[in-house]
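In what follows, a single structure is set out as structure tokens and then discussed.
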Amino acid sequence: MTYEITSPPPELTVAVKGRLDTLTSPKLESDLEPSIAKSKSLVLDLTGVDYLSSAGLRLLLTLQKRFKKEGGSFKLRGIQPGVMEILRMTGFLKILSVE
Amino acid sequence: MNVAVTLQFPAETQKLPEVLEKLDTNLLSAGCPEDARMQLAVAVEEIFVNIANYAYEGKQGSAVINIKADAHKATISFADSGFPYDPLQKEDPNIEQAVEDRPIGGLGVFLVKEMCDEVHYERRDDMNILTLVKKY
């Protein structure tokens, strides 16, 4: 998993590539924490993400709860078909904002 | 091509990339299509990580993964000699809840059930044996 901050805080956009799994999702969360703490909005561009496990879902739900609680905005962009299917079957499409 | 392999790994989450790489190589050889390979990888991750995190309660142990696959179906079984645990007894999460009410976590086993056509658990010879079947 690699990522690139394509727009800095406070309107943070991060393009992620690779897998969001048990090992990489916590790393992405901790790496982004300093930037997220300074942001009112976050867009995760998942165009390059071809794999999402429950650990990735955990990260997305954590971010959604956090931004909602703080009155901010959290959106996903560029979701690939395999990842979209996982979001659909877990009900995440109803609770996440997808551009 | 018919594939039948038995792999043994230390039950440690750091071994996950190796587990998934071996899985993908074998499923690819069997002629399993890409979308099914991804779904099986997610299911295998959930089960392997559960074994690594909980089966041996901090002690060292191993997970044996048996893969049988052809161009139409894969059967993947996991065996561990950890504490008896049937993950299928876990209640499914309520996926209709509002975001404020949804608990963090608890989706792993649910995803396994959703991804596979059949999931079976048995306790045999002091081992937990979980078998996944997926048709494609």
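From first to last, the protein sequence lines are chains D and W. When the letters of the first sequence are read in order and numbered with this note's numbering, they come out as residues 1 to 99. When the letters of the second sequence are read in order and numbered with this note's numbering, they come out as residues 1001 to 1136. Where a beta carbon is used, it is the ideal one built from N, C-alpha and C, also for glycine.
1) With a threshold of 7 Å on Cβ separation, who are the neighbours of W/E1046 within its own chain once the five nearest residues in sequence on each side are excluded?
2) Using C-beta distances below 6 Å, list every residue in its chain close to D/T24, excluding the 5 sequence neighbours before and after it, in chain order.
3) In this structure, what does DSSP give as the bridge partners for W/H1120?
4) Could you check whether the Cβ of W/G1162 sits closer than 8 Å to any Cβ belonging to chain D?
5) With a 10 Å radius around its C-beta and 16 neighbouring C-beta atoms as the bar for buried, classify D/S30 as buried or exposed.
6) Shortest alpha-carbon distance to W/S1077 belongs to which of W/E1018, W/V1042, W/V1133, W/A1055?
7) Check the Cβ-Cβ distances between W/E1021 and every residue of chain D, and say whether any is below 8 Å.
8) Do three or more CB pairs link the region 64–81 of chain D to the region 40–50 of chain D at distances below 8 Å?
9) Going straight from the alpha carbon of D/M89 to that of W/G1061, what length do you get?
10) Give, in chain order, every residue of the region 53–72 of chain D whose Cβ lies closer than 7 Å to some Cβ of chain W.
11) What residue range does the beta strand (DSSP E) around D/E11 cover?
Walking through what the data contain:
1) G1108, V1109, L1111, V1112
2) M1
3) W/T1131
4) No information on residue 1162 of chain W is available, as it lies outside the stretch 1001 to 1136 that chain W covers here.
5) exposed
6) W/V1133
7) no
8) yes
9) 33 Å
10) S53, S54, L57, R58, L61, T62, Q64, K65, K68
11) 11–20
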